[in-house]
Amino acid sequence: MSKAFRVSAVVVGLALLHFLLHVGFGLGDVAPDLLTVALLVGVREVDVGWGAGIGFVLGLLEDAFAALAFGASTVAMTIVGVAGARTRDLFVGDSLLFLVSYLFVGKWLRDLVYWISVGEDIRQPFIESMLIGSGLAAAYATLVGVVAIAISGSLWETVR
Amino acid sequence: MSAYHIGEDVEPTARRQNIIALVIVGLALASPFMPTARQQQLAFLLRNSLLRPFVMIQEGMAAASLHAVSTEEFQARLDSAVSALTNQSTLAEENRRLRNLLDLSRRLGTAYLPASVLRAGTAGSESMFQLDVGSDHGIHVNAPVIASGGLIGVVREVRAGMSIGMDWTHPEFWASAMTMDGEIYGHVRVERGSFREGYRLLLDGIPFHDQLEPGMAIVTSGLGGVFPRGITVGTVDQLAAETAGWRRSYWLRPAVFPGSATHVLVAVGTMSERPADLTEVIQDSTSEGAGPIAGPGDRSEGPGS
Chain A
16 MSKAFRVSAV
26 VVGLALLHFL
36 LHVGFGLGDV
46 APDLLTVALL
56 VGVREVDVGW
66 GAGIGFVLGL
76 LEDAFAALAF
86 GASTVAMTIV
96 GVAGARTRDL
106 FVGDSLLFLV
116 SYLFVGKWLR
126 DLVYWISVGE
136 DIRQPFIESM
146 LIGSGLAAAY
156 ATLVGVVAIA
166 ISGSLWETVR
Chain B
22 MSAYHIGEDV
32 EPTARRQNII
42 ALVIVGLALA
52 SPFMPTARQQ
62 QLAFLLRNSL
72 LRPFVMIQEG
82 MAAASLHAVS
92 TEEFQARLDS
102 AVSALTNQST
112 LAEENRRLRN
122 LLDLSRRLGT
132 AYLPASVLRA
142 GTAGSESMFQ
152 LDVGSDHGIH
162 VNAPVIASGG
172 LIGVVREVRA
182 GMSIGMDWTH
192 PEFWASAMTM
202 DGEIYGHVRV
212 ERGSFREGYR
222 LLLDGIPFHD
232 QLEPGMAIVT
242 SGLGGVFPRG
252 ITVGTVDQLA
262 AETAGWRRSY
272 WLRPAVFPGS
282 ATHVLVAVGT
292 MSERPADLTE
302 VIQDSTSEGA
312 GPIAGPGDRS
322 EGPGS
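Sequences listed follow chains A and B, in order.
Residue numbering for the first sequence follows the numbering used here, starting at 16 and increasing by one per position.
Residue numbering for the second sequence follows the numbering used here, starting at 22 and increasing by one per position.
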């Protein structure tokens with residue numbers, strides 16, 4: 016099985032699982048943000064234009080349920096998609112430390128851009144939302160992301 | 022798709038990719054500023070195409086959880102209902118004739134339709150819920166949504182077969198309210214906490230010379246034309262703040278926590294068709310230990326049933 020196919024399968028699989036857990040089972044914050052993990056995994060393999068496109072589509076899907084702040088997820092995911100694709104030019108590491116840092120910072124950046132995008136009326140205080148809530152969410156997503164990548168062997172060679 | 026190229030194609034490819042990325046980022050940045058109607062159309066399209074299977078799964082799970090209630094409990098309720106109906110059949114007939122005489126049937130003409138609440142659980146969907154009834158059932162925008170304990174929220178968007186509502190934790194939620202005796206008026210809104218679990222209902226705009234005691238019931242006043250008079254909002258918890266000589270505000274203990282509501286009643290018909298005062302209906306049903314308003318039970322009946 017080619018690496019490109021494997022990565023694509025993991026991205027689609029994680030996205031489907033995300034919506035199954037969040038929308039289908041209605042688990043909310045109990046389930047990790049697999050959509051961001053899928054995006055971060057996928058954009059490491061593509062150019063910046065594709066990265067933006069994947070982020071845009073995934074963000075738009077998430078915004079379909081976001082009557083509260085439509086577009087905020089689209090902005091956040093698109094920017095993370097671009098940034099993730101750009102990391103290929105900046106970092107070529109494939110260590111576990113890099114993978115953990117990449118997923119954690121990527122998820123936290125997504126939440127930060129989202130927090131900025133939703134507007135003052137809706138967002139919660141920065142300390143509670145970004146430092147506590149998003150910190151925990153990023154750690155959760157990182158843990159699940161590392162496991163998913165290790166199982167699928169979709170990305171970093173040294174993780175397997 | 023690869024970012025790595027060899028030879029003189031590298032620069033044009035990178036430039037093209039950058040331009041594509043810029044265009045997409047521009048589209049993304051524009052999306053929050055789209056007209057609300059366009060946003061709703063796009064969201065509706067996605068919910069009913071790519072995301073439809075996931076919504077259907079949640080609908081199925083909601084139905085399954087409803088059916089999981091023990092049959093013994095249903096049997097006991099059925100026995101009680103049959104017993105009550107048997108004893109009150111003559112009263113019901115008399116009541117119907119009196120209503121016809123007094124033209125109350127027109128005033129209470131609207132029905133409250135039972136509906137299942139679905140919550141997406143994705144980022145940005147907090148404070149919003151989806152109902153499995155829509156315009157084809159006679160639901161309109163601004164229809165009140167009520168659970169057995171009291172007010173949940175209001176419908177914001179209506180489509181065929183489904184509608185989207187916001188509960189009282191939404192920053193835009195606002196309802197005119199009063200004490201049960203109709204003596205003291207104010208308005209209810211959400212006061213946001215550091216975390217969502219800390220969101221509280223605040224009764225604001227109470228005249229300074231009026232004082233509310235903990236435990237007093239607060240109901241909708243009917244002012245504003247959205248919520249009918251008499252829907253329970255909550256009970257007074259404690260004084261939140263007071264501006265000397267001007268006004269007081271009180272924390273309320275909500276009648277219903279939105280997250281706990283899986284089945285609700287939604288008003289059918291337009292604002293002018295709805296009953297303006299539900300005080301007696303709510304009080305009667307509360308004293309009987311039942312839900313606030315008896316729904317028609319059959320969604321095909323539509324408005325004005």
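For every residue, glycine included, the Cβ atom is placed at its ideal position computed from N, Cα and C.
In this text the structure is predicted, and so the values were computed from the model without any measurement.
Mind reading off the beta-carbon distance from residue i to residue j? Whole number of angstroms is fine, and I expect it under 8 Å.
i        : j        : result
B/LEU139 : B/ILE252 : At roughly 22 Å, the Cβ-Cβ gap does not stay under 8 Å, so B/LEU139 and B/ILE252 are not in contact.
B/SER148 : B/LEU223 : With a Cβ gap of about 16 Å, B/SER148 and B/LEU223 do not count as contacting.
B/SER52  : A/THR51  : With 8 Å as the limit, B/SER52 and A/THR51 do not qualify as a contact, their Cβ atoms being about 18 Å apart.
B/THR283 : B/SER137 : 7 Å
B/TRP272 : B/ARG221 : 6 Å
A/ALA84  : A/GLY134 : 7 Å
A/ALA67  : A/THR93  : 5 Å
B/ARG268 : B/GLY255 : The pair is not a contact, with the Cβ atoms about 19 Å apart (cut-off 8 Å).
B/THR143 : A/HIS37  : 5 Å
Which residues does DSSP pair with residue i in a beta bridge?
i        : result
B/PHE150 : B/GLY186
B/LEU286 : B/PRO135, B/ILE167
B/MET199 : B/TYR206, B/VAL240
B/VAL257 : B/LEU273
A/ILE142 : Partner(s): none; A/ILE142 has no beta bridge.
A/ILE13  : Shown here, chain A extends from 16 to 175; a query on residue 13 of chain A therefore has no answer.
B/ALA262 : B/SER270
A/ARG59  : A/ARG59 pairs with nothing; no bridge assigned.
B/ASP225 : B/HIS208
B/GLY174 : B/VAL166, B/ASP188
B/ARG180 : B/MET183
Determine the direct distance from the alpha carbon of residue j to that of residue i, and round the result to whole angstroms.
i        : j        : result
A/ILE164 : B/ALA276 : 46 Å
B/LEU129 : B/PHE229 : Residue placement at B/LEU129 is flagged as unreliable, the pLDDT there being 41, under the threshold of 50; the coordinate-derived value follows with that caveat. Each residue's alpha carbon lies about 36 Å from the other.
A/ALA87  : B/SER281 : 27 Å
B/PRO135 : B/GLY47  : 43 Å
B/GLY246 : B/THR291 : 11 Å
A/GLU143 : B/ALA168 : 31 Å
A/LEU158 : A/LEU151 : 11 Å
A/SER110 : A/GLY28  : 24 Å
B/ARG213 : B/GLY226 : 17 Å
A/ARG125 : A/SER149 : 9 Å
A/GLY43  : B/ALA141 : 7 Å
B/PHE278 : B/GLY170 : 9 Å
B/GLU80  : B/ALA102 : 28 Å
A/ARG21  : B/ASP188 : 42 Å
B/GLU204 : B/ARG250 : 13 Å
B/PHE194 : B/PRO165 : 12 Å
A/ASP136 : B/PRO192 : 7 Å
B/GLN259 : B/ALA196 : 19 Å
B/PRO74  : B/ARG36  : 39 Å
B/ARG59  : A/ALA79  : 12 Å
B/ASP202 : B/MET77  : 44 Å
A/GLY160 : A/LEU49  : 7 Å
B/VAL162 : A/PHE113 : 50 Å
A/SER167 : A/LEU55  : 15 Å
B/LEU122 : A/GLY39  : Confidence in B/LEU122 is poor, its pLDDT being 46 and thus under 50, which makes the residue's placement unreliable; the coordinate value appears in the next sentence. B/LEU122 and A/GLY39: Cα-Cα distance of roughly 50 Å.
A/VAL63  : A/ILE69  : 10 Å
B/GLN151 : A/ALA154 : 30 Å
A/VAL115 : A/VAL162 : 11 Å
A/SER132 : B/ALA97  : 52 Å
B/GLY325 : A/LEU35  : Confidence is the limiting factor: at B/GLY325 the pLDDT is only 34, short of 50, which leaves the residue's position unreliable, though a coordinate-based value still follows. If I take the Cα positions, the gap works out to 38 Å.
B/HIS208 : A/PRO47  : 38 Å
B/LEU233 : B/THR200 : 9 Å
B/ALA49  : A/LEU127 : 16 Å
A/SER17  : B/VAL44  : 31 Å
B/GLY385 : B/ILE185 : With chain B covering 22 to 326 only, the question about residue 385 of chain B has no answer from this structure.
B/ALA181 : B/ASP231 : 46 Å
B/GLY219 : A/PHE71  : 32 Å
Would you say residue i reaches chain C, if we count a Cβ-Cβ gap shorter than 7 Å as a contact?
i        : result
B/THR143 : Protein chains A and B are contained in the structure displayed, whereas chain C is not.
Q: Kindly confirm or deny that the stretch 151-162 of chain B and the stretch 30-50 of chain B touch, where touching means at least three C-beta pairs closer than 8 Å.
A: no
Q.
To be precise: take each residue of the stretch 32-50 of chain A, compare its Cβ to all Cβ atoms of chain B, and keep it if any distance is under 9 Å. Which residues remain?
A. HIS33, PHE34, LEU35, LEU36, HIS37, VAL38, GLY39, PHE40, GLY41, LEU42, GLY43, ASP44, VAL45, ALA46, ASP48, LEU50
Q.
Three Cβ pairs or more, each shorter than 8 Å: is that satisfied between the stretch 72-91 of chain A and the stretch 61-79 of chain B?
A. yes
(Q) What are the residues in the stretch 162-179 of chain B lying within 8 Å of chain A by C-beta distance? (A) ARG177, GLU178
Q: Check distances from the C-beta atoms of the stretch 44-71 of chain B to those of chain A and list, in chain order, the residues that come in under 9 Å.
A: VAL44, ILE45, VAL46, LEU48, ALA49, LEU50, ALA51, SER52, PRO53, PHE54, MET55, THR57, GLN60, GLN61, LEU63, ALA64, PHE65, LEU66, LEU67, ARG68, LEU71
Q) According to a CB-to-CB cut-off of less than 7 Å, which residues of the stretch 141-159 of chain A neighbour chain B? A) GLU143
Q: Return the residues of the stretch 68-94 of chain A that lie within a Cβ-Cβ distance of less than 9 Å from chain B, sorted by chain order.
A: GLY68, GLY70, PHE71, GLY74, LEU75, LEU76, GLU77, ASP78, ALA79, PHE80, ALA81, ALA82, LEU83, ALA84, PHE85, GLY86, ALA87, SER88, THR89, VAL90, ALA91, MET92, THR93, ILE94
Q: Name, going along the chain, the residues of the stretch 146-158 of chain B whose beta-carbon falls closer than 9 Å to a beta-carbon of chain A.
A: SER146, GLU147, SER148, MET149, GLN151
Q. Do the stretch 91-109 of chain A and the stretch 47-63 of chain A make contact, defined as three or more Cβ pairs closer than 8 Å?
A. yes
(Q) Under 8 Å, with one C-beta from each stretch per pair, do the stretch 116-134 of chain A and the stretch 174-181 of chain B reach the 3-pair mark? (A) no
Q: Using a Cβ-Cβ cut-off of less than 9 Å, list which residues of the stretch 126-142 of chain A approach chain B; keep chain order.
A: ASP126, TYR129, SER132, VAL133, GLY134, ASP136, ILE137, GLN139, PRO140, ILE142
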